[in-house]
Structures are given as structure tokens and as C-alpha cells.
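In the working numbering, the protein residues as written are 6 to 375.
Here you go:
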């Protein structure tokens with residue numbers, strides 16, 4: 006059974022100081038009614054917008070357009086398992102009856118939804134059964150990251166599904182939005198706090214996640230860790246604000262009802278307060294790299310590389326990167342001395358430098374490491 010919790014609070018669990026009690030009650034009322042009606046698909050034929058009509062939400066109370074927008078988009082961003090709802094909606098107010106009507110739409114018919122929900126649940130169950138629920142949150146996050154990286158393909162051509170958790174998990178084809186929603190869905194099921202955020206990367210709209218691990222927040226971009234280059238597989242695993250800003254820029258977060266004037270499709274996932282990501286404890290590269298200033302400790306270096314297919318050498322802060330091959334890859338370097346002890350001194354290798362994290366990722370070709 007899917008787990009989703011209404012988030013009238015910010016991601017850190019505190020009520021926003023800019024929200025009045027009345028605003029919170031109004032948001033909750035709208036939010037809960039959207040949840041109740043989301044499966045009440047009325048028609049078997051699409052309308053002129055190629056969508057299926059859902060039973061209108063009728064509440065005998067006046068809501069502002071901003072309250073309606075915030076409730077809809079907050080519901081949308083908090084429920085990655087509800088993949089069929091279109092981002093198109095309509096609303097109007099009848100003053101004579103003091104009645105607000107909100108109309109939302111589905112991309113699928115009720116019959117199609119029943120089949121698709123079953124498929125998503127079966128896929129989710131098949132993934133969850135592989136992870137020990139007693140694992141740490143970091144281990145759960147690593148498992149989810151690796152499953153998506155290894156099973157999903159970035160795919161731009163297709164229908165609405167490529168933007169959903171369904172597209173990522175069932176069809177194994179998605180864009181960044183689908184990757185982020187699938188990550189959010191599985192981690193939520195595993196009890197790990199996770200949200201989607203949106204911004205710009207490479208001058209294009211982009212979506213990724215912020216996760217909470219042991220009380221600290223991190224950026225997680227599974228989309229950018231995907232691809233054929235396994236050396237870069239963890240370059241965007243649990244980054245701080247400082248690290249992520251090198252090539253990702255968040256859209257502004259919207260915390261006040263009156264700020265919804267700046268709301269558009271791309272920043273609808275940035276509602277509430279932005280979590281501060283300033284920890285490096287569970288940044289994958291920091292956690293799994295070997296510092297170059299300990300190269301003289303050959304036993305430590307030998308133990309480090311002997312059990313790894315890919316390893317990361319953390320450079321000194323002001324290291325001359327242009328001279329890195331002379332430091333790491335000459336026959337007399339500590340790295341090669343250790344490889345020689347392992348019988349790997351004649352093997353070829355490939356490497357890539359991550360200047361943002363000041364690390365060299367190295368993989369030996371055709372190696373027999375465990």
C-alpha cells in the first residue's frame with residue numbers, strides 16, 4: 006500500500022511562520038478533497054483536451070485562486086504515486102451559493118487506471134522486497150539510487166508517463182521529473198524523508214531530490230548519475246548547496262500565499278521552506294574516497310583499492326590538477342606500488358577528474374577485483 010502524508014508543514018517539520026491557522030485549514034480542506042476525488046474518474050471517453058473528467062470537487066466555501074493553486078500543486082508534489090492526474094485544472098466560485106468548484110482531470114480512464122496502479126504496486130513490491138527495512142537511511146538511499154540508475158533509461162519521446170514515477174519504474178523510461186518522482190516514491194515507502202525540487206541545469210529546466218539522512222539534508226540527482234560512464238555514477242549523490250550550485254540552480258521557493266504570483270509549472274515543486282543542505286557526512290564521494298595526503302600509508306591505500314572496482318582519490322585543496330598523472334600514475338607512485346602488490350601493475354585504467362569535489366575517479370580495465 007502506498008504511503009503518502011499530507012504536508013501542511015515545511016520539509017523540516019515546522020509550520021511556516023507565514024501561514025495563518027485559517028490558511029492551513031483551507032489548504033488541508035482542499036488537499037483532502039483532491040485526494041478523495043483523484044480516483045473518481047467519470048468518463049470513458051476523452052474530452053477536447055484529450056483528458057478524462059474526474060468528479061468535480063465542490064466545497065461550500067470561498068477559496069482564493071492562490072489557495073486553490075497552492076493546494077493542487079502541493080498535492081501534486083507530495084504524491085508521486087498518483088501518476089495519472091493531469092497538471093491542467095479549472096475552478097470557479099458561485100457567490101449565490103457560496104460554492105467553490107475545482108475540476109481536475111485524468112490522463113487515463115478508470116479501467117486503465119486500475120490496471121496501471123496494479124502494475125506500479127507490483128513493481129514497487131518487487132523492488133522493496135530486495136532491501137532490508139532495518140538498513141540505515143543512507144543504505145536505503147544508495148539502494149534506490151542504484152536500482153534506478155541500473156534499470157531506467159533517460160527518454161524524451163513519449164506521452165505523459167515519462168514525467169511520472171510509473172514511467173520510471175514500470176516502463177523504465179523517463180525524463181528527470183520521472184526519475185525524481187520515482188526516487189521520492191520508493192524512499193518514502195522505505196521511511197526516508199525525500200522531496201522533489203526544480204531548477205535549471207545546463208540552461209534547461211530540471212528536477213531532482215532533496216533527502217534527509219540522519220537529520221541533515223542533501224541534494225540527490227539520480228538523473229545526472231545515470232549514463233554509460235560508471236566513473237560518474239555517484240557524482241551527484243548527496244551534495245551540499247555549495248557543491249550543487251556549480252551546475253544546478255534552484256528556482257525560488259514559494260512559502261507565502263501572496264508569493265504565488267511568481268508560480269509557474271517549473272517551480273510548483275518548490276513550495277514551502279527550502280531545507281539547508283550544508284553537510285558532507287553522507288556525500289558519497291567524500292565518504293568513499295581516499296585522501297592523497299595519506300598516500301604514504303601504503304597499507305591503508307592497499308586495503309582501500311584491493312576491494313574496489315572503482316576508487317576515488319581525494320586531492321588536496323590546492324592540488325595542481327594538470328600534474329595529476331605524474332602524482333598518481335607513474336611507475337613509482339604509491340598507487341602503482343599497491344597495484345603491483347595486487348598483481349595489477351600492467352593493467353590499463355581510465356579516470357575522470359571531478360573538479361567541483363576535487364577528486365579523481367579511477368577504474369582499472371579488465372580487472373578482477375571483488
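A virtual CB, placed ideally from N, CA and C, is assigned to each residue, including glycine.
Sequence-distant residues of the same chain with beta carbon closer than 8 Å to residue 306, five excluded per side = Taking the chain shown and counting its residues from 1, one reaches residue 306 at position 301. Excluding residues within five positions, the ones whose Cβ falls inside 8 Å are 295, 299, 300, 339, 340, 343.
Complete beta strand (DSSP E) runs within the stretch 97–182 (minimum length 3 residues, chain order) | 104–111
According to DSSP, residues forming a beta bridge with residue 356 = Position 351 of the chain shown holds residue 356. DSSP, once it has assigned bridges, lists 367 as partnering residue 356.
Can you tell me whether residue 16 is buried or exposed, with buried defined as 16 or more other CB within 10 angstroms of its CB?
-> The residue given as residue 16 occupies position 11 in the chain shown. Its pLDDT being 40, under 50, residue 16 is placed unreliably in this model, and the coordinates cannot settle the point.
Find out if the Cβ-Cβ distance for the pair residue 89, residue 111 is shorter than 8 Å.
-> Locating residue 89 in the chain shown gives position 84, where the first residue counts as 1. Locating residue 111 in the chain shown gives position 106, where the first residue counts as 1. In this structure, residue 111 lies closer than 8 Å to residue 89 by Cβ.
Proximity to residue 51 [Cα-Cα], best of 34, 113, 32, 141 | Position 46 of the chain shown, counting from 1, holds the residue named residue 51. If we check each option's Cα against that of residue 51, 113 comes out closest.
Which two residues bound the contiguous beta strand (DSSP E) that contains residue 319?
-> Within the chain shown, numbered from 1, the residue matching residue 319 stands at position 314. First-last of the beta strand (DSSP E) with residue 319: 315–319.
Residue range of the beta strand (DSSP E) that residue 199 falls in?
-> The count along the chain shown starts at 1 and reaches residue 199 at position 194. That run of the beta strand (DSSP E) goes 199–206.
With residue 274 and residue 201 assumed to form a contact (beta carbons below 8 Å), what rounded beta-carbon distance in angstroms separates them?
-> Against the chain shown, residue 274 aligns to sequence position 269. Against the chain shown, residue 201 aligns to sequence position 196. Indeed, because the Cβ distance is near 5 Å, the residues count as touching under 8 Å.
Helix, strand or coil: which one does DSSP assign to residue 347?
-> Here residue 347 is taken as the residue at index 342 of the chain shown, counted from 1. Coil.
Per DSSP, the bridge partner or partners of residue 64 = Taking the first residue of the chain shown as 1, we reach residue 64 at position 59. Per DSSP, 105.
Assign residue 225 to one of three DSSP states: helix, strand, or coil.
-> For the purposes of this step, residue 225 is taken as the residue at position 220 of the chain shown. Residue state, collapsed to three classes: strand.
Nonlocal neighbours in the same chain, by C-beta distance under 7 Å from residue 249, ignoring five residues either side | Counting from one through the chain shown, the residue named residue 249 turns up at place 244. Within the same chain, residue 249 has close Cβ partners 224.
Less than 8 Å between the CB atoms is what I'm expecting for residue 81 and residue 92, so what's the real figure, rounded?
-> Sequence index remark: in the chain shown, residue 81 carries index 76 (1-based). Sequence index remark: in the chain shown, residue 92 carries index 87 (1-based). Between residue 92 and residue 81 the Cβ distance is about 7 Å, and since that is below 8 Å, they are a contact.
Which residue comes first and which comes last in the beta strand (DSSP E) that contains residue 79?
-> Here residue 79 refers to the residue found at position 74 when the chain shown is read from its first residue. Segment 70–83 is the alpha helix (DSSP H) holding residue 79; no beta strand (DSSP E) there.
Just the C-alpha distance for residue 163 and residue 177, rounded to the nearest angstrom, thanks.
-> Position 158 of the chain shown, counted from the start, is the residue given in the question as residue 163. Position 172 of the chain shown, counted from the start, is the residue given in the question as residue 177. Spanning the two alpha carbons is a distance of roughly 12 Å.
Segment limits, beta strand (DSSP E) that includes residue 284 | Numbered from 1 along the chain shown, position 279 holds the residue referred to as residue 284. Neither: residue 284 is in no beta strand (DSSP E) and is coded neither H nor E.
Bridge-paired residues (DSSP) for residue 210 = In the chain shown, counting from the first residue as 1, residue 210 sits at position 205. According to DSSP, residue 210 bridges with 205.
So residue 104 packs on residue 62, CB below 8 Å; how close in whole Å?
-> Position 99 of the chain shown, counting from 1, holds the residue named residue 104. Position 57 of the chain shown, counting from 1, holds the residue named residue 62. Not really, about 11 Å apart at Cβ, beyond 8 Å.
Same chain only: Cβ atoms within 8 Å of residue 139, ignoring 5 sequence neighbours per side | Taking the first residue of the chain shown as 1, we reach residue 139 at position 134. Taken in chain order, the list of residues that qualify is empty.
Among 191, 356, 98, which one has its Cα closest to the Cα of residue 235?
-> Mapped onto the chain shown, residue 235 falls at position 230. Checking every option, the nearest Cα to that of residue 235 belongs to 356.
Residue 295 (DSSP reduced to helix, strand or coil) | Position 290 of the chain shown, counted from the first residue, corresponds to residue 295. Three-state DSSP puts residue 295 in a strand.
Excluding the five sequence neighbours on either side, which residues of its own chain have a C-beta within less than 8 Å of the C-beta of residue 2, listed in chain order?
-> Because the chain here runs from 6 to 375, residue 2 falls outside it and cannot be looked at.
According to the Cβ coordinates, are residue 286 and residue 244 closer than 8 Å?
-> By 1-based counting over the chain shown, the position of residue 286 is 281. By 1-based counting over the chain shown, the position of residue 244 is 239. No, the Cβ-Cβ distance between residue 286 and residue 244 is not below 8 Å.
Can you find at least 3 beta carbon pairs, one from the stretch 249–260 and one from the stretch 171–190, that sit closer than 8 Å?
-> no
Supposed close pair residue 276, residue 259 - CB separation, criterion 8 Å | Here residue 276 corresponds to residue number 271 of the chain shown, with the count starting at 1. Here residue 259 corresponds to residue number 254 of the chain shown, with the count starting at 1. Right, the Cβ-Cβ distance comes to about 5 Å (below 8 Å), so this counts as a contact.
Alpha carbon to alpha carbon, how far is residue 210 from residue 347?
-> Here residue 210 refers to the residue found at position 205 of the chain shown. Here residue 347 refers to the residue found at position 342 of the chain shown. Answer to the nearest angstrom: the Cα atoms are 46 Å apart.
Return the chain-ordered list of same chain residues with a C-beta closer than 7 Å to the C-beta of residue 57, the five sequence neighbours on each side being excluded.
-> Counting from 1 along the chain shown, the entry for residue 57 is found at position 52. Cβ neighbours of residue 57 beyond the five flanking positions: 46, 48, 51, 110, 111, 113, 114.
Residue 219 by DSSP, collapsed to three states: which one?
-> As a first step, residue 219 must be located in the chain shown, where it is residue number 214. Three-state result, residue 219: coil.
Residue 341 (DSSP reduced to helix, strand or coil) | Here the question's residue 341 lines up with position 336 in the chain shown. Note: residue 341 maps to helix in three-state DSSP.
For residue 153 and residue 121, believed in contact at Cβ under 8 Å, the rounded distance = Stepping through the chain shown from its first residue, residue 121 is reached at position 116. Stepping through the chain shown from its first residue, residue 153 is reached at position 148. Incorrect: roughly 19 Å between the Cβ atoms, too far for contact.
With a threshold of 16 other CB atoms inside 10 Å of the CB of residue 280, please say whether the residue is buried or exposed.
-> Counting from one through the chain shown, the residue named residue 280 turns up at place 275. Residue 280 is buried by the Cβ-count criterion.
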